[in-house]
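Residue numbers (the numbering used here), protein chains in the order written: chain A, 416 to 531; chain B, 31 to 278.
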């Protein structure tokens, strides 16, 4: 799935000024512990969290994540958005809960693969 | 005779990746002198490698440096720990380094981790990524610090990121705490009512300075006999008349 499809299907609000619409998203990861994410998330995944500290962007950039979804209507600090612009990490906002976002995302990413 | 000592127990040096390079011993001590601060705590993230340099440099100042560290628990809560002397602090550092993930710092993303000497020359960089949780929980950390004779002060509990209350929502029962730190953004009264903190807990306000200009908030005064670790501990526990006064 591309970032553009992801944004539209999950009805996300893009907080950064731009994103690479065609960037591929290979999977998702959900956790609010940055150190845990650093140890377990994989490249090209989209990260769902309620953390909004600017270190979120540093971790996303370090791992080569496709982007970050800040869920549950959590407000994202300007410093975090600035860092996201610098690092070219798209950051999305949604009022949906982490559970809802992950449920939809799981079906979108894995449901479409079909059974063989 | 008890005297009020202006104290700022949470100051970062250039070893902390998120701190400015200007945070070297000379600058920190001169700023403290300018502010009239008599006791400072050097608390870098998960490391104490610059404590000795600041202590050495402080010999030329009327300022006491308490060895400290801002350790990040497995729950990603920031906890300040203090020890009586450098030797114990370095033992504690061994414990922390033994519980840090073996990941290298990426200075471009997180910032440089500079080690300096007493004359503020940069002598090296810490390779290990210090911005990370260690694998010990807040409970384990508190027990270990207690056993080693140190003090534990959960940092900036009013902040939503990296604080004990932000991460857990409560102060775990049985945690051995000497005081609680609130940030300069909130008053003692507000913090006590907002977070339901009883008078049993001593509160302090520190600057958590990552930049020199952040050191201009001098709000905590320790009424103690002499500026040392044990007197501070007594002030936190309100023993023998020793006490902490916050001036907003």
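Idealized CB from N, CA, C, for every residue including glycine.
To the nearest angstrom, how far is it from the Cα of residue i to the Cα of residue j?
{"i": "residue 77 of chain B", "j": "residue 513 of chain A", "result": "34 Å"}
{"i": "residue 160 of chain B", "j": "residue 79 of chain B", "result": "11 Å"}
{"i": "residue 215 of chain B", "j": "residue 278 of chain B", "result": "10 Å"}
{"i": "residue 184 of chain B", "j": "residue 526 of chain A", "result": "44 Å"}
{"i": "residue 424 of chain A", "j": "residue 439 of chain A", "result": "14 Å"}
{"i": "residue 222 of chain B", "j": "residue 467 of chain A", "result": "25 Å"}
{"i": "residue 417 of chain A", "j": "residue 515 of chain A", "result": "20 Å"}
{"i": "residue 141 of chain B", "j": "residue 241 of chain B", "result": "13 Å"}
{"i": "residue 456 of chain A", "j": "residue 125 of chain B", "result": "27 Å"}
Assuming contact is defined by CB atoms lying nearer than 7 Å, are residue i and residue j in contact in what I supplied?
{"i": "residue 73 of chain B", "j": "residue 144 of chain B", "result": "no"}
{"i": "residue 81 of chain B", "j": "residue 180 of chain B", "result": "no"}
{"i": "residue 252 of chain B", "j": "residue 265 of chain B", "result": "yes"}
{"i": "residue 168 of chain B", "j": "residue 105 of chain B", "result": "yes"}
{"i": "residue 201 of chain B", "j": "residue 193 of chain B", "result": "no"}
{"i": "residue 430 of chain A", "j": "residue 506 of chain A", "result": "yes"}
{"i": "residue 47 of chain B", "j": "residue 150 of chain B", "result": "no"}
Taking the beta strand (DSSP E) that residue i belongs to, which residues open and close that run?
{"i": "residue 273 of chain B", "result": "273-276"}
{"i": "residue 211 of chain B", "result": "210-212"}
{"i": "residue 105 of chain B", "result": "Here residue 105 of chain B belongs to no beta strand (DSSP E), and DSSP marks it neither H nor E."}
{"i": "residue 184 of chain B", "result": "181-184"}
{"i": "residue 152 of chain B", "result": "152-155"}
For my contact list, residue i and residue j are in at a C-beta cut-off of 8 Å; report their separation, rounded to the angstrom.
{"i": "residue 453 of chain A", "j": "residue 191 of chain B", "result": "Actually they do not touch by this definition, with Cβ atoms about 16 Å apart."}
{"i": "residue 508 of chain A", "j": "residue 485 of chain A", "result": "5 Å"}
{"i": "residue 435 of chain A", "j": "residue 459 of chain A", "result": "Wrong, their Cβ atoms sit about 12 Å apart, outside the cutoff."}
{"i": "residue 71 of chain B", "j": "residue 40 of chain B", "result": "6 Å"}
{"i": "residue 96 of chain B", "j": "residue 259 of chain B", "result": "6 Å"}
{"i": "residue 35 of chain B", "j": "residue 254 of chain B", "result": "6 Å"}
How far does the alpha helix (DSSP H) with residue i in it reach, from first residue to last?
{"i": "residue 84 of chain B", "result": "81-87"}
{"i": "residue 455 of chain A", "result": "449-455"}
According to a CB-to-CB cut-off of less than 7 Å, which residues of the segment 476-495 of chain A neighbour chain B?
-> 476, 477
Interfacial residues, the segment 417-443 of chain A to chain B, with Cβ spacing under 8 Å | Within the segment 417-443 of chain A, no residue qualifies.
Report the residues of the segment 445-456 of chain A with a CB closer than 9 Å to any CB of chain B, ordered along the chain.
-> 447, 448, 449, 450, 451, 453, 454
If contact means a Cβ-Cβ distance below 8 Å, which residues of the segment 458-471 of chain A contact chain B?
-> Correct list: 466, 467, 468, 470.
Give, in chain order, every residue of the segment 497-530 of chain A whose Cβ lies closer than 8 Å to some Cβ of chain B.
-> 502
Taking any Cβ of chain A, which residues in the segment 163-174 of chain B have a Cβ under 7 Å from it, in chain order?
-> Answer set for the segment 163-174 of chain B: 163.
What residues in the segment 125-147 of chain B bring their beta carbon closer than 8 Å to a beta carbon of chain E?
-> Given the protein chain composition of this structure (A and B), no chain E is represented.
Closer than 9 Å, Cβ to Cβ, to anything on chain A: give me those residues from the segment 244-255 of chain B, in chain order.
-> none
Taking any Cβ of chain A, which residues in the segment 176-206 of chain B have a Cβ under 9 Å from it, in chain order?
-> 190, 191, 192, 197
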